[in-house]
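Under the numbering used here, read the sequence shown as residues 303 to 591, first letter to last. Beta carbons are placed, not taken as given, at the ideal position from N, Cα and C, and that holds for glycine.
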Amino acid sequence: MSKTDNRLKIAIQGGRASFHDITARYYFGEEIDIAECSTFRELCNQLNTGVVDYAVMAVDNSIAASILPNYALIEEYGFKIIGEVYLQIKQYIMCIPETKEENIRWVMSHYMALNQCEEYLLNRPMMERREYHDTADSAKYIKEHNSADIAAIASKYACELYGLKLIEEESIETYKNNFTRFFVLSTGEKFKNDIPNKATISFRLPDEVGALAKVLQIIVDNEINLSKIQSLPVFGTANEYRFHVDCEWTDYAKFKKGIAINSIVEDLKILGEYKKGELVNDYSRSKQA
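Quick look at the structure:
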């Protein structure tokens with residue numbers, strides 16, 4: 303793709319300092335341009351039409367489970383998974399610097415973030431919840447509107463970026479071991495030259511007794527670790543499912559042998575071969591200096 307400044311452009315869902323943005327900057331570095339998308343469909347269109355070089359998409363959460371429509375979008379557009387990141391989701395409550403906690407009447411954030419902080423908010427009934435489309439954009443909103451009676455729940459990165467004040471120094475999510483898995487998507491070109499040790503494959507099964515068991519046995523016999531398996535309904539059909547399987551290996555040849563299952567399955571696809579993602583526990587602007 304032609305560029306004037308050689309900076310990569312990455313599509314994300316959400317705004318600056320959102321968890322998608324944090325993931326993109328962790329994987330690609332700070333010297334990137336971000337295309338903020340309001341929906342995952344818009345993100346896919348940006349990547350598909352070449353407006354951006356890569357995209358970052360959330361696909362799983364340790365509390366909320368898989369985001370099944372996003373798996374369907376990856377297949378619909380034919381994107382390649384070239385990387386993954388596991389980001390620990392830490393939610394912080396913040397306000398403009400002049401605000402006193404006792405004056406806060408509203409708390410604004412994405413509905414998922416509000417739910418993740420249920421215990422904290424139940425102990426503060428004076429703070430009425432107000433849903434917003436994005437965590438980081440809620441922080442941006444109270445900054446731009448100088449909202450003295452509204453707090454936002456977002457990342458610490460958002461607090462730093464928008465010059466806000468933390469009401470609590472520690473994160474306030476109810477369950478601390480909360481990770482979201484993000485895929486790094488491409489139309490074909492890889493960003494890193496990592497040696498892959500993980501893949502996501504998908505297939506449909508014939509309506510035969512024991513078909514799935516046969517497939518899984520072949521994979522296991524070749525010493526491939528199945529770290530995830532899930533089914534997704536095939537749109538427009540009744541009682542037909544597409545299976546998505548994450549495979550991990552130490553011997554690539556055995557992986558290739560283990561997925562030689564075309565005689566059993568239908569429409570086998572390798573959605574991506576990539577390096578197993580790292581666990582990212584914290585991220586803030588100060589760490590990027």
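- Each of Thr-437, Tyr-422, Asn-583 and Glu-491 was checked against the Cα of Thr-476, and the nearest Cα belongs to Tyr-422.
- Spatial neighbours of Asn-495 in its own chain (CB-CB distance under 7 Å, excluding positions within 5 residues in sequence) are not present.
- Rounded to whole angstroms, the separation of the alpha carbons of Ile-398 and Leu-345 is 31 Å.
- In this structure Leu-573 touches Ile-503 by the C-beta definition: roughly 7 Å separates them, less than 8 Å.
- Beta-bridge analysis with DSSP links Ile-455 to Ile-395.
- Collapsing the DSSP output to three states places Arg-431 in a strand.
- Nearest in C-alpha terms to Asn-350, of all of Ile-334, Val-517, Cys-549 and Leu-375, is Leu-375.
- Counted as a single uninterrupted DSSP element, the alpha helix (DSSP H) harbouring Val-517 occupies residues 513-523.
- Here the C-alpha atom of Tyr-434 lies approximately 42 Å from the C-alpha atom of Glu-568.
- Per the Cβ contact rule, the stretch 453-472 is not in contact with the stretch 506-516 (fewer than 3 Cβ pairs under 8 Å).
- Within the DSSP bridge table, the entry for Val-582 names Leu-389 as partners.
- In the three-state reduction of the DSSP assignment, Glu-421 falls in the helix class, which pools H, G and I.
- Per DSSP, the continuous alpha helix (DSSP H) segment holding Asp-439 begins and ends at 437-446.
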